[in-house]
Amino acid sequence: MSRLEGMKKMMTGEVPIAPVAEVLGFQVVEVEEGRVVIEMEVSDRLHNPMGTLHGGILCDIADAAMGYAFVTTLSDDELFTTVEIKFNFLKPIFKAKLRAEGKLIKKGSTVGLLECHVYDEKGSLVGHSTSTCMILKGNPERKRVQLK
-12 MSRLEGMKKM
-2 MTGEVPIAPV
8 AEVLGFQVVE
18 VEEGRVVIEM
28 EVSDRLHNPM
38 GTLHGGILCD
48 IADAAMGYAF
58 VTTLSDDELF
68 TTVEIKFNFL
78 KPIFKAKLRA
88 EGKLIKKGST
98 VGLLECHVYD
108 EKGSLVGHST
118 STCMILKGNP
128 ERKRVQLK
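Using my numbering, the letters of the sequence shown map in sequence onto residues -12 to 135.
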């Protein structure tokens, strides 16, 4: 099974989602090569002391969408790690259904550049992120998330 097929099986529940996704409550809802969409409901338990969504949670959903999008482009003998991430917080979030759309911008032989737009249920852009990921060649048995 290819990494793309594995991500599609994750979307349908045939392959378990990452533990952090279970904790935060996000779900993969769209998968294609180089693009993944994740959705999640924001609840009070994810708020910071000011009553808005904690910024780290918003960054995490973007990181996951971009990482999953990158995974769909990797071969079986490749892993990856995020080496840089930047997030622009554009609007406070109280309670909302978020949609994070991660997509590959460019993949080279050693690094990839990705971006993510995060929207609320009204379609308003609430965050934008970019990420640089480094491709790691090696033992496929050391995968962090088993997609087979």
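We put the CB at the ideal spot given by N, CA and C, even for glycine. All values derive from a computational prediction rather than experimental measurement.
Quick test of your reading: residue i and residue j, contact by CB under 8 Å. State the CB separation rounded to the nearest angstrom.
i     : j      : result
Val27 : Ile48  : In the sequence on display, residue 27 carries Met and not Val. Confirmed, about 6 Å.
Glu65 : Ser118 : Rounded, the Cβ-Cβ distance is 16 Å, inconsistent with contact.
Asp63 : Ala83  : With a Cβ gap of about 37 Å, Asp63 and Ala83 do not count as contacting.
Does DSSP put residue i in a helix, a strand or coil?
i      : result
Val58  : helix
Met121 : strand
Ala87  : strand
Ser116 : strand
Met37  : coil
Under DSSP, the beta strand (DSSP E) around residue i begins and ends at which residues?
i     : result
Val7  : Where Val7 is concerned, there is no enclosing beta strand (DSSP E), although the alpha helix (DSSP H) it sits in stretches over 6 to 11.
Gly99 : 98 to 106
Thr69 : 65 to 76
Please confirm whether residue i and residue j have their CB atoms less than 8 Å apart.
i       : j      : result
Lys(-5) : Val16  : no
Val113  : Val105 : yes
What are the start and end residues of the alpha helix (DSSP H) that includes residue i?
i       : result
Leu(-9) : -10 to -1
Exercise. Are three or more beta carbon pairs between the segment 84 to 91 and the segment 62 to 76 nearer than 8 Å?
Worked result: no
Exercise. For the segment 11 to 23 against the segment 43 to 60, are there 3 or more C-beta pairs whose distance is under 8 Å?
Worked result: yes
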